[in-house]
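Asker: Protein chains in written order, with our numbering: chain A, 3 to 556; chain B, 32 to 162. Don't be surprised by glycine CBs; every beta carbon is placed ideally from N, CA and C. Values in this document were obtained by computation on a predicted structure and should not be read as measured data.
1) If you pair each beta-carbon of the segment 118-135 of chain A with each one of the segment 507-519 of chain A, do three or more pairs fall below 8 Å?
2) To which residues does DSSP link residue 234 (chain A) through a beta bridge?
3) Looking at C-beta atoms only, is the number of pairs between the segment 77-92 of chain A and the segment 100-111 of chain A that lie closer than 8 Å three or more?
4) Interface residues of chain B around residue 480 (chain A) at Cβ under 9 Å?
5) My assumption, with CB atoms under 8 Å, is that residue 71 (chain A) sits in contact with residue 62 (chain A). Please give the rounded CB distance.
6) Suppose the cutoff is 7 Å on Cβ atoms and the five residues either side in sequence are ignored; what does the same chain contact list for residue 306 (chain A) look like?
7) Taking the alpha carbon of residue 137 (chain B) as the point to measure from, which residue in B:39, B:80, B:99, B:150 has its own alpha carbon closest?
8) Should residue 3 (chain A) be flagged as near chain B, meaning a C-beta pair shorter than 8 Å?
9) In chain order, what residues of the same chain have a beta carbon less than 8 Å from the beta carbon of residue 151 (chain B), not counting five sequence neighbours either side?
10) Please classify residue 238 (chain A) as buried or exposed, where buried requires at least 16 neighbouring CB atoms within 10 angstroms.
11) Do you know whose CA, among B:59, B:154, B:157, lies nearest residue 39 (chain B)'s CA?
12) Of all the CB atoms in chain A, is at least one closer than 8 Å to the CB of residue 150 (chain B)?
13) When you compare the CB of residue 161 (chain B) with every CB in chain A, is at least one pair closer than 8 Å?
14) Mapping the DSSP letters down to three states, classify residue 555 (chain A) as helix, strand or coil.
15) Quick one: list the residues of chain B neighbouring residue 229 (chain A), beta-carbon separation under 9 Å, in chain order.
16) Do the segment 139-150 of chain A and the segment 183-198 of chain A make contact, defined as three or more Cβ pairs closer than 8 Å?
17) For residue 186 (chain A), collect the residues of the same chain with a Cβ closer than 8 Å to its Cβ; drop the 5 residues on either side in sequence, then sort them by chain order.
18) Considering Cα atoms alone, identify which of B:135, B:68, B:125, B:36 is closest to residue 554 (chain A).
19) For residue 423 (chain A), which three-state DSSP category applies?
20) Looking at the unbroken beta strand (DSSP E) that takes in residue 190 (chain A), where does it start and where does it end?
21) How would you list, in chain order, the residues of chain A whose beta-carbon sits under 7 Å from the beta-carbon of residue 57 (chain B)?
22) Assign residue 341 (chain A) to buried or exposed, taking buried as 16 or more other Cβ atoms, counted over all protein chains shown, within 10 Å of its Cβ.
23) Output needed in chain order: residues of the segment 347-368 of chain A with a Cβ under 7 Å from some Cβ in chain B.
24) Is there a Cβ of chain A sitting closer than 8 Å to that of residue 81 (chain B), yes or no?
25) In terms of residue numbering, what span does the beta strand (DSSP E) encompassing residue 458 (chain A) cover?
26) I'd like to know whether the C-beta of residue 53 (chain B) is nearer than 8 Å to at least one C-beta of chain A.
27) To the nearest angstrom, how far is the alpha carbon of residue 473 (chain A) from that of residue 368 (chain A)?
28) Within 10 angstroms of the Cβ of residue 447 (chain A), are there 16 or more other Cβ atoms? Answer buried if so, exposed if not.
29) If I follow the unbroken alpha helix (DSSP H) through residue 155 (chain B), where does it start and stop?
30) Apart from the five residues just before and just after residue 259 (chain A), which ones in its own chain have a Cβ nearer than 6 Å to its Cβ?
31) If I measure Cβ to Cβ from residue 346 (chain A) and keep anything under 7 Å in the same chain, skipping five residues before and after, which residues do I get?
32) Checking contacts by CB at 8 Å: is residue 111 (chain B) closer than that to chain A?
33) Counting C-beta neighbours from all protein chains within 10 Å, is the total for residue 53 (chain A) 16 or more, i.e. buried, or is it exposed?
34) Going along the segment 37-53 of chain B in order, which residues come within less than 7 Å of chain A, judged by CB to CB distance?
35) Flag residue 296 (chain A) as yes if its beta-carbon sits less than 8 Å from any beta-carbon of chain B, otherwise no.
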């Protein structure tokens, strides 16, 4: 060692010693990303080794770091897709039509808590929750109302539902049928990402294994019969909202994605028969460059793993296409108008990161569901980015930025580290049972909260620049009478339908649920047509599969 | 022996948003309190049973689903029926201003809305619960 010549100091190091270290640097503030990644004061070519062909490539070409399509937004803007749903199917149908009239290009459905948890509106556990956080859907009859006068052959629809996803997909297919649109022509996405429910969002019903079987049934069904439909939207959004870091969001989401791929391959499907229809859903948080790097890293990892580990040959199987939503968790109840600014910056990061569709949050969402005015401003924010800022003119305008490339590589490295840890624990399902993800997220979320409380991180209007006297904002109120209206509706349905057909359909569901060699989608479609309710179908599955309860950790 | 403040942190209803509940649970524990976290998807009955069994001084109810005007009054009422109306009831979550007033009239001691520092909640409990 002693004989080795001293390493030559790089010019960046020389700059740091000679100039930077003599310059002022603010004390007591964090220069790390919001997720805690160290940021050196400067990135330069010599500190960021990038092999252009290997690490970046061209848009539309492996490894898709720079974007999944050759012409990106010069070819087609992202889909502006505002998530909406409240009250009963009638109120939400009205909001859908309002959004379509104002230039929105896709629909996105939010369901209420009872629907997400597989309870009908008249179930005792639904008390007080019907239509509060989304629309209440109990049966095919409600779904018919929800999409009344909306031509399903022309719009694409996204549905945010997980445990009962198979049932809602069946309802949608039946509505299409009654409009004369065959299921192979229906376009849209259903979330179905049950793994992130156990990890973060916590709207689960059944234990992980039967839930994964149901997901795989849907993947198989869509591969055969609904070729334009995305059966799973593998979601990091909720993981991030639960308080994770950007690296955790990236790693846990992709690990979930690999798990769905493995189950489908295990089922006997060819990877190229379903992988092109998998899509993703990420958060757009406030740390601008970290977010952009996250999307770029996600595309690169997915392409590599799909090709090299799972042997996908169709280039469309390598493409990670994703939806983005700005971070609900970043919105403040204090001085809520400032949320318009936060959301605009987050939306810009999503666009610079190459998203395929985008939801921008409304400024009043830290207080309640958004009003129509607030939603319009949120949509206008996207339209300003698309039409006024010029950022859409060049594909991946930040590609080659020393800083962005360094962060992309760093997030990629951290993700692979997590993949190793998850594998050592025996995979995602086992890691869920051991509370691994839940603990990692709780830790990250507590660290961030402490940084805010110690004022190492400033949140405008919350721990600095507060106003003493804030005028309360007008908020959207859900009429409490809607709950009773929905309860009456589902009870009237039960009274008028053919109860023998219902019994028959439920018996078949239970029989097939008990046998792993049956695909449950067709019996669910049949039960939907017989107007078996969503809660009744879920009860049938609960009887066969049992329910899931996590061990609480904090 | 001067005991520790015993607090049940509870998630009523179907709402799965537990980031806030977990942060609060941990902050209260770090401040030296005995914290029992119920976990998710609890009915008002289950929550009150936990409060009684654990002989808690306070219960912190975290709710972000919009169902607070149904679920919280039910918890307060059940506590009263069980003769446990000395238990300090706190609510945290996205609660509109009008509802804050209504909840307080029904017996909730304090409501903490988004942005409230955990230290405020710690201090509040320390001032309200004699140890």
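Answerer: From the atom records:
1) no
2) Beta-bridge pairing links residue 234 (chain A) to A:280.
3) yes
4) Under the 9 Å cutoff, chain B gives 97.
5) 5 Å
6) Once the five neighbours on either side are set aside, the close Cβ partners of residue 306 (chain A) are 65.
7) B:99
8) Per-residue confidence for residue 3 (chain A) stands at a pLDDT of 46, beneath the threshold of 50, marking its modelled position as unreliable; no derived number is given.
9) 143
10) buried
11) B:59
12) yes
13) no
14) coil
15) Within 9 Å Cβ-Cβ: nothing; residue 229 (chain A) doesn't reach chain B, min ~33 Å.
16) no
17) Counting only Cβ-Cβ distances below 8 Å, and skipping sequence neighbours, we find 227, 228, 229, 230.
18) B:68
19) helix
20) 189-192
21) 448, 556
22) buried
23) 368
24) no
25) Premise fails: residue 458 (chain A) is in no beta strand (DSSP E) and is neither H nor E.
26) yes
27) 15 Å
28) Classification of residue 447 (chain A): buried, given that the 10 Å Cβ count is 16 or more.
29) 149-159
30) Here the set comprises 236.
31) 383
32) No, residue 111 (chain B) lies away from the interface with chain A (no Cβ there is under 8 Å from its Cβ).
33) exposed
34) 44, 45, 46, 47, 49, 50, 53
35) Not one chain B Cβ lies under 8 Å of residue 296 (chain A).
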